[in-house]
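Some notes on the structure that comes next.
2 protein chains.
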Amino acid sequence: MNEIDFAVLGTGGIGRRTLEVSQHKEQLRPVAACDRNGIALDRDGLDVEELLDATEGNIAGDGRGDTDGPDAATDGGVATDSGGVKQTGEGAGIVASEQGEPTATPIDDVIAVAEDLDAVLIALPNLEHDFIPRIADRFADAGYSGVLIDVLKRSRVIGMLDERAETFEEAGLTFVCGAGATPGFLTGAAALAAQSFVEVHEIDIWWGVGLKSGYKDNRGTVREDIAHLDGYDIETARDLSDDEIEEIVEAHDGVLEFHDMEHADDVLLERAGICDAEDVTVGGVLDVRSDEKPTTTTVTVTGTTFDGERATNTFELGDETSMAANVNGPALGYLQSAVRRNRAGEYGVFGPAELMPGF
Amino acid sequence: MNEIDFAVLGTGGIGRRTLEVSQHKEQLRPVAACDRNGIALDRDGLDVEELLDATEGNIAGDGRGDTDGPDAATDGGVATDSGGVKQTGEGAGIVASEQGEPTATPIDDVIAVAEDLDAVLIALPNLEHDFIPRIADRFADAGYSGVLIDVLKRSRVIGMLDERAETFEEAGLTFVCGAGATPGFLTGAAALAAQSFVEVHEIDIWWGVGLKSGYKDNRGTVREDIAHLDGYDIETARDLSDDEIEEIVEAHDGVLEFHDMEHADDVLLERAGICDAEDVTVGGVLDVRSDEKPTTTTVTVTGTTFDGERATNTFELGDETSMAANVNGPALGYLQSAVRRNRAGEYGVFGPAELMPGF
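These protein sequences, in sequence, are chains B and S. The first sequence begins at 1 in my numbering and counts up by one. The second sequence begins at 1001 in my numbering and counts up by one.
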């Protein structure tokens, strides 16, 4: 496959790590990155090291996916999935990099060069359900005909993207949704593990994340997770102040446990024909005060074989693998796969499990 | 994806189970099957149930992949991976089915209808290294431009197929090699598990197979495995009589343990860019006197993450899943994926890990 030129929207925890991991992938060349205040663009490939050094602990955005700024009507703004130190004012975020240029319209600036892009990875929080779908609209409206890929988690957003499938098909756009760790990596693992069976009864995805050193860079992710706690939803989580989030974390001694999450794995596995969405359960434990995982990330798939045996296949991640490692490697793998699909003329909306061998 | 019409060469243990499992896959329609004595052909889809009932315990072939018969020069013969009861004479194998017609040239008969086929699954033993490559030659020479897929195990055969890559590309033929359980299912699992890492140090594939009830149907497989034992190789295993094989099995009390097998997983993972072939080890335990697995089939992938942590990811198959379940589901999954590649204009030789998302 030829080289893939790609852009990253958002340079919070996920966006920055995506850029970092892409340096290990020969075929991938990051040529653009943006946050709410600025854009870095180099068609010969960004100097990722300089960009990361300049933006570490210096993130534009507070993890709320805020699009209500003065330029929201024209550009939608670019939030990041991170809360950092220097969040506002001169020198915030990407403009602190030598490669960054300030702009009031970062997404439009990326769209302006989109015809040179093979893929755009959307590393933005999605606390408004339709935030990422609306970004996709803007790319489609502008005639972009490459790959869009996100790492979103919410089941209901998939439906919003599906409503746009025809538009994407007409535009020649291939959208891959939920291509991070979970959904994403673990959805793919579940689809693979299901291959022993002719009928799948139950898929259980259970994750552990230790986020002490990455806590500040991943507040957007923590905020999204809090929306899954009893008593909270996406709207209430979005309205929480940073102090209120700290109080919730404090009240749980830094360890948040989640059950029956509305994680898109369920609809993504159903789309791929693996099982019914209702047979998928997702939960996990997040510890923001330790980098050690509070529990082992495990996917179990229980089904019946063609010869009538009931069994459970298991996929387990080593406890030393960070969330960042399990998001970004798979996301870039799915990105490459999506570019191949796109070049072969396959357009529309795909989940990670649909990019697995034709299972 | 549109419906896939496919043929199976060989109706031994693997071929028959492939037909059976395909009944659970909506998009797959088996339209042809052959063994050394006959062919069954129905463009509207074979009656798989009738075919299986008629050929159960009634297999043409002795598991040696014998191509030395009188018609070898013109047709190469079709062996199966199985030894059965009524192996020769009238009514042996597929001709026992109402759908079966006797023929002296079964492979040529399939080639004669190949333009109607999207895929051909080669479920034949490969005790002569170049047996399957030579079958591929015949399809390519006849202008077949679909998918050929096999479940072979031997590393060195991949090289022989690679030598033919250009011929396949010119013919518009997509060849997928080693798409059974191991290599195949477990190679794919290793490729997936490697996604946490930017460098993979070691992949260990360890399988357990209990084959009591399937022993008679899978003598070809057992013979191939014996070739991996100390003191044997592919040539000596091929020359063993059934009695000699029984003696070997007896001497091991029915339990054969294998280490450092020349299993194609190593070269297939290297092809896909996952790790070096020498970092892959394959071994396992075969028990022909019990259907219970003598050990749990496990894939472990050890690597280093982008953030410098060394860890091991693990994929484990439930002990109740039979070899047949783990061969045929994945083989048909890879077959579907290969047809998609073929239709998109991707020709040549692929391993299972290359059909995974663009990892």
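Backbone N, C-alpha and C fix where the C-beta goes; we use that ideal spot for every residue, glycine too. Model, not experiment: these values are computed from the prediction.
>> Pop quiz: B:G208 and B:T296 are said to be a contact at Cβ under 8 Å. What is the actual Cβ separation, rounded to whole angstroms?
In response: If you number the first sequence from 1, residue 208 of chain B lands on position 208. If you number the first sequence from 1, residue 296 of chain B lands on position 296. 6 Å between Cβ atoms; contact.
>> Please list, in chain order, the chain S residues whose beta carbon lies closer than 7 Å to that of B:H24.
In response: Within the first sequence, the letter at position 24 stands for residue 24 of chain B. Those within 7 Å of B:H24 in chain S are V1198, F1306.
> Applying a beta-carbon distance threshold of less than 9 Å, which residues of chain B neighbour S:F1315?
Replying inline: Walking along the second sequence from the start, residue 1315 of chain S turns up at place 315. Contact of S:F1315 with chain B by beta-carbon distance below 9 Å involves A189, L192, A193, N313, T314, F315, E316.
> Taking the alpha-carbon positions, what's the S:R1223 to S:R1238 distance?
Replying inline: The sequence position of residue 1223 of chain S within the second sequence is 223, counting from 1. The sequence position of residue 1238 of chain S within the second sequence is 238, counting from 1. Near 7 Å, if we compare the C-alpha coordinates of S:R1238 and S:R1223.
>> To the nearest angstrom, how far is the alpha carbon of B:P183 from that of S:A1311?
In response: Here the question's residue 183 of chain B lines up with position 183 in the first sequence. Here the question's residue 1311 of chain S lines up with position 311 in the second sequence. B:P183 and S:A1311 have their C-alpha atoms roughly 21 Å apart.
> To the nearest angstrom, how far is it from the Cα of S:F1185 to the Cα of B:G273?
Replying inline: Translated into the one-based positions of the second sequence, residue 1185 of chain S becomes position 185. Translated into the one-based positions of the first sequence, residue 273 of chain B becomes position 273. In a straight line, the C-alpha of S:F1185 is about 18 Å away from that of B:G273.
> Which of the three DSSP states, helix, strand or coil, is assigned to B:G208?
Replying inline: Taking the first sequence and counting its residues from 1, the one referred to as residue 208 of chain B is at position 208. Three-state result, B:G208: strand.
>> For S:V1288 and B:D118, I'd like the C-alpha separation in whole angstroms.
In response: Position 288 of the second sequence, counted from the start, is the residue given in the question as residue 1288 of chain S. Position 118 of the first sequence, counted from the start, is the residue given in the question as residue 118 of chain B. Approximately 52 Å between the Cα atoms of the pair.
> chain S beta carbons: is any one of them nearer than 7 Å to that of B:T297?
Replying inline: The residue you call residue 297 of chain B lines up with position 297 of the first sequence. No, its Cβ sits nowhere closer than 7 Å to a Cβ of chain S.
> Roughly how many angstroms lie between the CA atoms of B:I107 and B:V299, to the nearest whole one?
Replying inline: In the first sequence, counting from the first residue as 1, residue 107 of chain B sits at position 107. In the first sequence, counting from the first residue as 1, residue 299 of chain B sits at position 299. Those two C-alpha atoms are separated by around 36 Å.
>> For a contact defined as C-beta to C-beta under 9 Å, what are the partners of S:F1185 on chain B?
In response: Translated into the one-based positions of the second sequence, residue 1185 of chain S becomes position 185. Within chain B, the residues near S:F1185 are L192, Q195, S196.
>> Give me the chain S residues within the contact set of B:Y334, using Cβ-Cβ distance strictly less than 8 Å, ordered along the chain.
In response: Position 334 of the first sequence holds residue 334 of chain B. Within chain S, the residues near B:Y334 are P1357, G1358.
> What's the gap between the Cα of B:E128 and the Cα of B:D291?
Replying inline: Against the first sequence, residue 128 of chain B aligns to sequence position 128. Against the first sequence, residue 291 of chain B aligns to sequence position 291. One C-alpha to the other measures close to 29 Å.
>> Just to check my reading of the structure: S:A1040 and S:Q1099 have Cβ atoms closer than 8 Å, yes? What is that Cβ distance to the nearest angstrom?
In response: Taking the first residue of the second sequence as 1, we reach residue 1040 of chain S at position 40. Taking the first residue of the second sequence as 1, we reach residue 1099 of chain S at position 99. Correct: roughly 4 Å between the Cβ atoms.
>> For B:I132 and B:I122, what's the separation of their Cα atoms in angstroms?
In response: In the first sequence, the residue the question calls residue 132 of chain B occupies position 132. In the first sequence, the residue the question calls residue 122 of chain B occupies position 122. If I take the Cα positions, the gap works out to 8 Å.
> Just how far apart, CA to CA, sit S:I1004 and S:D1116?
Replying inline: By one-based count along the second sequence, residue 1004 of chain S stands at place 4. By one-based count along the second sequence, residue 1116 of chain S stands at place 116. One C-alpha to the other measures close to 10 Å.
> For chain B, is any of its Cβ atoms less than 7 Å away from the one on S:P1330?
Replying inline: As a working note, residue 1330 of chain S is residue 330 in the second sequence. For S:P1330, the answer is yes, since a Cβ of chain B falls inside 7 Å of its Cβ.
> From B:E262, B:A191, B:M323, B:G329, pick the residue whose C-alpha is nearest to that of S:E1199; which is it?
Replying inline: The count along the second sequence starts at 1 and reaches residue 1199 of chain S at position 199. Of B:E262, B:A191, B:M323, B:G329, the residue nearest in Cα terms is B:G329.
>> Does S:D1279 come out as helix, strand or coil in the three-state DSSP assignment?
In response: Here residue 1279 of chain S corresponds to residue number 279 of the second sequence, with the count starting at 1. Of the three classes helix, strand and coil, the one that applies to S:D1279 here is helix, per DSSP.
>> Could you check whether the Cβ of S:S1337 sits closer than 7 Å to any Cβ belonging to chain B?
In response: Numbered from its first residue, the second sequence carries residue 1337 of chain S at position 337. Yes, because at least one Cβ of chain B sits closer than 7 Å to the Cβ of S:S1337.
> Between the stretch 138 to 162 of chain B and chain S, which residues of the former have a C-beta closer than 9 Å to a C-beta of the latter?
Replying inline: With the criterion set as a beta carbon lying under 9 Å from some beta carbon of chain S, the stretch 138 to 162 of chain B has no members that meet it.
>> Counting only Cβ pairs nearer than 7 Å, list the residues of chain S close to B:N326.
In response: As a position in the first sequence, residue 326 of chain B is number 326, starting the count at 1. The answer, in chain order, is S1196.
> Do S:K1025 and S:L1332 have their C-beta atoms closer together than 7 Å?
Replying inline: For the purposes of this step, residue 1025 of chain S is taken as residue 25 along the second sequence, with counting starting at 1. For the purposes of this step, residue 1332 of chain S is taken as residue 332 along the second sequence, with counting starting at 1. Result yes, Cβ atoms of S:K1025 and S:L1332 sit closer than 7 Å.
>> Quick check on S:K1293: buried or exposed, where buried means 16 or more other Cβ atoms within 10 Å of its Cβ?
In response: Walking along the second sequence from the start, residue 1293 of chain S turns up at place 293. So S:K1293 ends up on the buried side.
> To the nearest angstrom, how far is it from the Cα of S:F1258 to the Cα of S:R1156?
Replying inline: As a working mapping, residue 1258 of chain S is identified with position 258 in the second sequence. As a working mapping, residue 1156 of chain S is identified with position 156 in the second sequence. Distance between the alpha carbons of S:F1258 and S:R1156: 18 Å.
>> Just to confirm my understanding: we take B:S363, look at its own chain, exclude 5 residues before and 5 after, and list those with CB closer than 7 Å. What are they?
In response: The first residue shown for chain B is 1 and the last is 359, placing residue 363 of chain B beyond what the model contains.
> Apart from the five residues on each side of it in sequence, which residues of its chain come closer than 6 Å, Cβ to Cβ, to S:A1054?
Replying inline: In the second sequence, counting from the first residue as 1, residue 1054 of chain S sits at position 54. Only A1096, S1097 meet the Cβ criterion.
> Quick one: what does DSSP say S:I1274 is sitting in, helix, strand or coil?
Replying inline: Translated into positions along the second sequence, residue 1274 of chain S becomes position 274. If DSSP states are grouped into helix, strand and coil, S:I1274 belongs with coil.
> Expressed to the nearest angstrom, what Euclidean distance is found between the alpha-carbon atoms of S:S1241 and S:G1178?
Replying inline: Translated into positions along the second sequence, residue 1241 of chain S becomes position 241. Translated into positions along the second sequence, residue 1178 of chain S becomes position 178. Using only the alpha carbons, I get a separation of about 27 Å.
> Since B:R340 meets chain S, which of its residues come closer than 7 Å, beta carbon to beta carbon?
Replying inline: Taking the first residue of the first sequence as 1, we reach residue 340 of chain B at position 340. Ordered by position in chain S, the residues that pass the 7 Å Cβ test against B:R340 are G1358.
> Anyone know if the C-beta pair for B:V21 and B:I158 falls short of 7 Å?
Replying inline: As a working mapping, residue 21 of chain B is identified with position 21 in the first sequence. As a working mapping, residue 158 of chain B is identified with position 158 in the first sequence. No, these two residues do not count as a Cβ contact at 7 Å.
> Which residues of chain S have a Cβ atom closer than 8 Å to the Cβ of B:E320, listed in chain order?
Replying inline: Here residue 320 of chain B refers to the residue found at position 320 when the first sequence is read from its first residue. Going along chain S in sequence order, the residues near B:E320 (Cβ under 8 Å) are T1305, E1309, R1310, A1311.
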